[in-house]
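A.B. asks:
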Amino acid sequence: MPELPEVETVVKAINRSLESMTIKRFIIINSKLRWDISSNIPKLVKNRKIENIYRRGKHIIFKLDNGYILIHLGMTGIIKFIDTIDAKNRGKHDHYQIELKDNKILKYNDVRKFGSIHWTENIHDHFLIQNLGPEPLSKEFDSIFLKDKCRNRNVAIKNLIMNQNIVVGVGNIYACEALYMSSIRPDKKCKYITLKQCDDLVKSIKFVLKKSIKSGGTTLKDFKNLDGAPGYFKQKLMIYDCKICKCGVEVKNIKLGGRSSFYCNVCQK
DNA sequence: AACAAGACCTGTAAGC
DNA sequence: TGCTTACAGGTCTTGT
Numbered sequence: 001m002p003e004l005p006e007v008e009t010v011v012k013a014i015n016r017s018l019e020s021m022t023i024k025r026f027i028i029i030n031s032k033l034r035w036d037i038s039s040n041i042p043k044l045v046k047n048r049k050i051e052n053i054y055r056r057g058k059h060i061i062f063k064l065d066n067g068y069i070l071i072h073l074g075m076t077g078i079i080k081f082i083d084t085i086d087a088k089n090r091g092k093h094d095h096y097q098i099e100l101k102d103n104k105i106l107k108y109n110d111v112r113k114f115g116s117i118h119w120t121e122n123i124h125d126h127f128l129i130q131n132l133g134p135e136p137l138s139k140e141f142d143s144i145f146l147k148d149k150c151r152n153r154n155v156a157i158k159n160l161i162m163n164q165n166i167v168v169g170v171g172n173i174y175a176c177e178a179l180y181m182s183s184i185r186p187d188k189k190c191k192y193i194t195l196k197q198c199d200d201l202v203k204s205i206k207f208v209l210k211k212s213i214k215s216g217g218t219t220l221k222d223f224k225n226l227d228g229a230p231g232y233f234k235q236k237l238m239i240y241d242c243k244i245c246k247c248g249v250e251v252k253n254i255k256l257g258g259r260s261s262f263y264c265n266v267c268q269k
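Mapping the first sequence onto the working numbering, position 163 (from 1) lands on 163, and the numbers just tick up by one.
1) Taking Cβ to Cβ, would you say G67 is nearer than 8 angstroms to E135?
2) Going along the chain, which residues of its own chain have a beta-carbon closer than 6 angstroms to the beta-carbon of F62, five neighbours each way excluded?
3) Whose CA, out of D227, V11, D94, I123, lies closest to the CA of R112?
4) How about Y174 and E3: are their beta carbons less than 8 angstroms apart?
5) Residues in the same chain with beta-carbon distance under 6 angstroms from S260, minus the five sequence neighbours each way, listed in chain order, please.
6) Whole beta strand (DSSP E) runs in the segment 105-192 with 3 or more residues, listed along the chain?
7) Quick check: the segment 73-92 against the segment 123-139, are there 3 or more CB pairs under 8 angstroms?
8) So, helix, strand or coil for I29, using DSSP?
9) Hey, L146 and C198: beta-carbon distance below 8 angstroms or not?
10) What three-state label does DSSP hand K255 in the structure shown?
11) Locate the beta strand (DSSP E) running through I53, then write down its first and last residues.
12) How about Q97 and K88: do their beta carbons lie closer than 8 angstroms?
13) Using a threshold of 8 angstroms, state whether the C-beta atoms of I37 and I28 are closer than that.
14) DSSP three-state call for D199: helix, strand or coil?
15) Please classify N225 as buried or exposed, where buried requires at least 16 neighbouring CB atoms within 10 angstroms.
16) Please classify E140: is it buried, with 16 or more other beta-carbons within 10 angstroms of its beta-carbon, or exposed?
17) What did DSSP end up calling D222 once you bin it into helix, strand or coil?
18) Going by alpha carbons, who is nearest to W119 out of P42, M162, Y180, C264?
19) Whose CA, out of H59, I85, V251, lies closest to the CA of H124?
20) Which residues mark the beginning and the end of the beta strand (DSSP E) in which I82 is found?
21) Pick helix, strand or coil for D102, following the three-state DSSP scheme.
22) Per DSSP, which residues does K63 bridge with? Please list them.
23) Give me the Cα-Cα distance between M162 and S182, rounded to the nearest whole angstrom.
24) If we count the other Cβ atoms within 10 Å of its Cβ and call it buried at 16 or more, is I144 buried or exposed?
25) Could you give the distance in angstroms between the alpha-carbon of K189 and the alpha-carbon of Y180?
26) Can you grab the Cα-Cα spacing for the pair D102 / C267, in whole Å?
27) Is the CB-CB distance between L33 and G115 below 8 angstroms?
28) Who are the near neighbours of K191 in its chain, counting only those whose CB is closer than 8 angstroms to its CB and skipping five residues on each side?
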């Protein structure tokens, strides 16, 4: 489901809605996710204060006074606020809930179980975090950086920009969109990408991510904000899931790294 | 070291 | 109306 804009949207919503910053209890409903939910988490987070909630790549991080909760939404993970009164109503794919001192409850639901949750004392050394590339909206992610990563590599440029160890946050939708905006074919080998193209691509990635954040992310089918509202960026997609390019030609759809890759044979070279 | 393919899951929609 | 197949905002693991 979620790429950077969707995760950013969720994090912002949690920060807006949280009043109490103390966890009353953590309940595991169904521990089966990408990694089994550790049975230690409930006692590790009980009565702990939430100091900060932020995003790193596609990860949601709760900084507690004794460590960190690390959440990934996978493809279909959804976090929503529920009332105490609904706390016992179990949805089919509910996995855990975090109850706060003010009786607000955050519930995690995940149809496909590709999401995850970990507790760690040291976030920087965590195996899901330590090898991540820079944030795409940071100054560190620029054309020189990308050109350097492209050097001598045979992978398709689309695969490279979706590699979280190169740059975080870019998933299938925004990779397609950014490449379209940059007039670069998704299957172009990295080693043939010029510095100018890297510059265009970096600018396009930053542009499309920022634009989508403003629209509350993209909802293809599952993505929902805490209040159940979808994201509205889908209407603005120019190539992903489109049939006809604005130049009038039929949009191509090829598989790259097992993922659908939409592009225009005429506009992208 | 780099890359491709396989694996993990469930729900939905299209095709026969 | 069924049954089968393909596909979906991800990414770790395994194999070449």
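Note that beta-carbon positions come from the ideal geometry of N, C-alpha and C, so glycine has one too.
C.D. replies: Reading it off the structure:
1) For G67 and E135, no; Cβs fall outside 8 angstroms.
2) Beyond the five residues adjoining it in sequence on each side, F62 comes within less than 6 angstroms, by CB distance, of I50, I53, I69 in the same chain, given in chain order.
3) Of the listed residues, the one whose Cα sits closest to R112 is D94.
4) Yes, the pair counts as a contact, with Cβ atoms nearer than the cut-off.
5) Hits under 6 angstroms: N253.
6) Qualifying beta strand (DSSP E) stretches, in chain order: 105-110, 116-120.
7) Not touching, per the Cβ criterion.
8) Coil, per DSSP.
9) In this structure, L146 lies near C198, with their beta-carbon atoms less than 8 angstroms apart.
10) Reduced to three states, the DSSP call for K255 is strand.
11) Run containing I53: 50-56, per the beta strand (DSSP E) assignment.
12) No; because the gap between Cβ atoms is not below 8 angstroms, this pair is not in contact.
13) Yes. Within cutoff.
14) It is helical.
15) When all chains shown are included, N225 counts as buried.
16) Label assigned to E140: exposed.
17) In the structure shown, D222 adopts coil according to DSSP, grouped into three states.
18) Ranking P42, M162, Y180, C264 by Cα distance to W119 puts P42 first.
19) When only C-alpha atoms are compared, the closest one is H59.
20) First-last of the beta strand (DSSP E) with I82: 77-82.
21) Coil.
22) DSSP links K63 through a beta bridge to N52, Y68.
23) Straight across, the Cα-Cα distance linking M162 with S182 is about 16 angstroms.
24) I144 counts as exposed, since fewer than 16 other beta carbons sit within 10 angstroms of its beta carbon.
25) Taking the Cα positions, K189 is about 15 angstroms away from Y180.
26) Rounded to whole angstroms, D102 to C267 spans 54 angstroms at the Cα level.
27) Going by C-beta atoms, L33 is nearer than 8 angstroms to G115.
28) Excluding positions up to five away in sequence, the list reads C150, R151, N152, R153, N154.
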